[in-house]
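First up is the structure itself, then whatever we jot down about it.
2 protein chains.
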Amino acid sequence: MSRAERLLSLMDEFRTHRRPVSGTDLAQNLGVSIRTLYRDIASLRALGADIEGEPGVGYVLNSGFMLPPIMFTVEEVDALVLGSLWVADKADRPMAEAARKAMARLTAVMPVELSDRTEAKYLDVTPGHHGEHESIDMAAIRSAIHHERKISVTYTDAAGKASERVIWPFFISYLDGARMISAWCELRESIRHFRTDRMVSLTEMPTRYPRRRHDLIKDWRALESRKFPHK
Amino acid sequence: MSRAERLLSLMDEFRTHRRPVSGTDLAQNLGVSIRTLYRDIASLRALGADIEGEPGVGYVLNSGFMLPPIMFTVEEVDALVLGSLWVADKADRPMAEAARKAMARLTAVMPVELSDRTEAKYLDVTPGHHGEHESIDMAAIRSAIHHERKISVTYTDAAGKASERVIWPFFISYLDGARMISAWCELRESIRHFRTDRMVSLTEMPTRYPRRRHDLIKDWRALESRKFPHK
DNA sequence: AGGGCAGTGTCAGAAAGTGGCAGTAGTCTA
DNA sequence: TAGACTACTGCCACTTTCTGACACTGCCCT
Chain Y
1 MSRAERLLSL MDEFRTHRRP VSGTDLAQNL GVSIRTLYRD IASLRALGAD IEGEPGVGYV
61 LNSGFMLPPI MFTVEEVDAL VLGSLWVADK ADRPMAEAAR KAMARLTAVM PVELSDRTEA
121 KYLDVTPGHH GEHESIDMAA IRSAIHHERK ISVTYTDAAG KASERVIWPF FISYLDGARM
181 ISAWCELRES IRHFRTDRMV SLTEMPTRYP RRRHDLIKDW RALESRKFPH K
Chain G
1001 MSRAERLLSL MDEFRTHRRP VSGTDLAQNL GVSIRTLYRD IASLRALGAD IEGEPGVGYV
1061 LNSGFMLPPI MFTVEEVDAL VLGSLWVADK ADRPMAEAAR KAMARLTAVM PVELSDRTEA
1121 KYLDVTPGHH GEHESIDMAA IRSAIHHERK ISVTYTDAAG KASERVIWPF FISYLDGARM
1181 ISAWCELRES IRHFRTDRMV SLTEMPTRYP RRRHDLIKDW RALESRKFPH K
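Protein chains in written order, with my numbering: chain Y, 1 to 231; chain G, 1001 to 1231.
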């Protein structure tokens, strides 16, 4: 195992621990000495990893992961840039912010001669209809989907009538200017779609929903293709 | 200079040469022996660089550049994925293809636990109105912009009337389902916008346009903000 | 054919990385 | 408070990897 590979493995190791992990444990898992482990952590930090370490406690990787060196073509970068512009303009606020940050990271390491391209000096998405931003936290929905947890929402329909729902969200669709959540609705006992701008409030629930997200998506796609058999 | 840095510098070196460059020259520029240069090139090829070498001719980098190790957060990846989905669905064909390739490259190096996210298992843009795909080659327009060259187009307006134009393209705007080129038009002697789906034919010209793209964009933005002073 | 070039293997020496050790300093718990 | 547990840094001998020099093979172009 080369050093570069070991650094990647070390990043993976952090992510397998939900609580602080000691340097000694990490070193043992990687088959290196504690001194080398300290050097590796210093190297990762130099590369931008957000690793926190407290004496007597251990290490925590606050967020993120490392990608190894990658080859890209100029066209591929254009595509990433264009996509990020769209997300920054049209998606929910946390997502828009993430797109900006992603582009900043890419720009920081990009050869300077390509700065025109990463800085989108000559292309853009039309500044258009932003739609109504949702008041609820989209990151909470993404987290609920990822962890397959129920959420409780106060939802108003097109007529403005409010209802309380416990739903199992499993998919996010991005319309131009709005977001739609596909979820199993306990009230209606079937799959329903919810616009995020009509969610008045949202409460994360600790309960896992009793079906796998993967299966819900399968059912939903089967349902959708019966309705719209173009795919 | 570490070896990793030198590999990046070597990629930069290729891009400064428009014709084949000999290994000896490259080695000299980097301050290493020819033997080491050969090893470096082997390493870059192993990383996916498209480097061609012919005895008696020299090396050519066919395309691309290398990014060093980068840290990303999960949210940032989501944003890149979402953006790529939009580009793949709504942009011109070459751009859409580039987005798919970019995502493939990222997916290939991503930790497996994140595959749900990079494979967009739980988010998507609405499959919607694709608009009319242009018959002209968008890559040619991007090239013309990048090299600040004129193009000659046969353009039909909304009424279907065709005209020949020599234009200096400097910006691409992406609408939902269509692309619009902002360019100086020699016929109208002013800045005009052209939908790419109304360009019947396009011929690249070797002539550089006599103004800097940067300046054209400045004028255009000044004009646009006089028309729409919301920015 | 000759010049110019890409390419590979080998090996001694150079450079980078590792592990062990000593020491400093902080957190947590009994 | 003391002790166990932990993060951290500098130093140095040893280990591993990389480099340059050399010899050799083979291809392209004029």
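All C-beta atoms, glycine included, are put in the ideal place defined by N, C-alpha and C.
query                                                                                                                               : result
Between the CA atoms of S201 of chain Y and K231 of chain Y - distance to the nearest angstrom                                      : With a pLDDT of 42 at K231 of chain Y, under the threshold of 50, the modelled position of that residue is not reliable, and the figure given next carries that caveat. Each residue's alpha carbon lies about 34 Å from the other.
Uninterrupted alpha helix (DSSP H) stretches inside the stretch 20-67 of chain Y (no shorter than 4 residues)                       : 23-30 and 34-46
Whether L1114 of chain G touches V1077 of chain G by CB criterion (8 Å)                                                             : yes
Simplified DSSP state of D1124 of chain G, which is helix, strand or coil                                                           : strand
I1136 of chain G (DSSP reduced to helix, strand or coil)                                                                            : coil
Validate contact between the stretch 1001-1012 of chain G and the stretch 1039-1051 of chain G using beta carbons, cut 8 Å, 3 pairs : yes
At least 3 beta-carbon pairs within less than 8 Å: the stretch 1086-1106 of chain G vs the stretch 67-86 of chain Y                 : yes
Distance, H1017 of chain G Cα to G53 of chain Y Cα                                                                                  : 46 Å
Neighbour list for A1183 of chain G in chain Y, Cβ cutoff strictly below 7 Å                                                        : Within chain Y, no residue comes near A1183 of chain G; the closest Cβ sits about 11 Å away, beyond 7 Å.
Cβ contact (3+ pairs, closer than 8 Å) linking the stretch 1190-1204 of chain G and the stretch 1171-1182 of chain G                : yes
R165 of chain Y and L187 of chain Y closer than 8 Å at C-beta                                                                       : yes
Complete beta strand (DSSP E) runs within the stretch 72-130 of chain Y (minimum length 3 residues, chain order)                    : 123-125
Reference S143 of chain Y, options Y:R208, Y:T154 and Y:A91, closest by Cα                                                          : Y:R208
Pairwise C-alpha distance: D12 of chain Y and N29 of chain Y                                                                        : 11 Å
M1011 of chain G - containing alpha helix (DSSP H), residue span                                                                    : R1003 to R1015
Extent of the continuous beta strand (DSSP E) to which E164 of chain Y belongs                                                      : A162 to L175
C-beta neighbour in chain Y for A1144 of chain G, strict 8 Å                                                                        : no
Residues bridged to T207 of chain Y [DSSP beta-bridge criterion]                                                                    : T207 of chain Y pairs with nothing; no bridge assigned.
Local Cβ density within 10 Å of V112 of chain Y, reported as buried at 16 or more and exposed below that                            : exposed
Any chain Y beta carbon closer than 8 Å to D1101 of chain G                                                                         : Looking at the sequence provided, one finds Lys at residue 1101 of chain G rather than Asp. With 8 Å as the cut-off, K1101 of chain G counts as an interface residue toward chain Y.
Buried/exposed call for A1178 of chain G, threshold 16 Cβ in 10 Å                                                                   : buried
Rounded separation between G1058 of chain G and S225 of chain Y - CA only                                                           : 55 Å
Separation of H1146 of chain G from T154 of chain Y, as counted between CA atoms                                                    : 50 Å
One or two residues paired with A1158 of chain G in a DSSP bridge                                                                   : The partner list for A1158 of chain G (beta bridge, DSSP) is empty, contrary to what the question assumes.
Interfacial residues, the stretch 73-84 of chain Y to chain G, with Cβ spacing under 7 Å                                            : T73, E75, E76, D78, A79, L80, L82, G83 and S84
Top-ranked residue by Cα proximity to V1021 of chain G, from G:L1008, G:G1048, G:N1062 and G:L1047                                  : G:N1062
Outcome for P55 of chain Y when other beta-carbon atoms lying within 10 angstroms are tallied against a minimum of 16               : exposed
Chain Y contact for Y1209 of chain G (CB, 8 Å cutoff)                                                                               : no
Per-residue DSSP class, three states only, for L1187 of chain G                                                                     : coil
Residues near S163 of chain Y in its chain [Cβ-Cβ closer than 6 Å; skip 5 each side]                                                : Y155
Integer-rounded CB distance, given that W86 of chain Y should sit under 8 Å from W1184 of chain G                                   : That belief does not hold up - the Cβ atoms of W1184 of chain G and W86 of chain Y are roughly 27 Å apart, past 8 Å.
Coarse secondary structure for R1142 of chain G, derived from DSSP in three states                                                  : helix
R1221 of chain G - DSSP class collapsed to helix/strand/coil                                                                        : helix
Rounded separation between Y38 of chain Y and R1105 of chain G - CA only                                                            : 31 Å
Per-residue contacts from L26 of chain Y into chain G (C-beta, under 9 Å)                                                           : Under the 9 Å cutoff, chain G gives no residues; its nearest Cβ is about 17 Å from L26 of chain Y.
Cα-Cα separation, E167 of chain Y to P69 of chain Y                                                                                 : The sequence shown places Ile at residue 167 of chain Y, not Glu. Straight-line Cα distance between these residues: approximately 41 Å.
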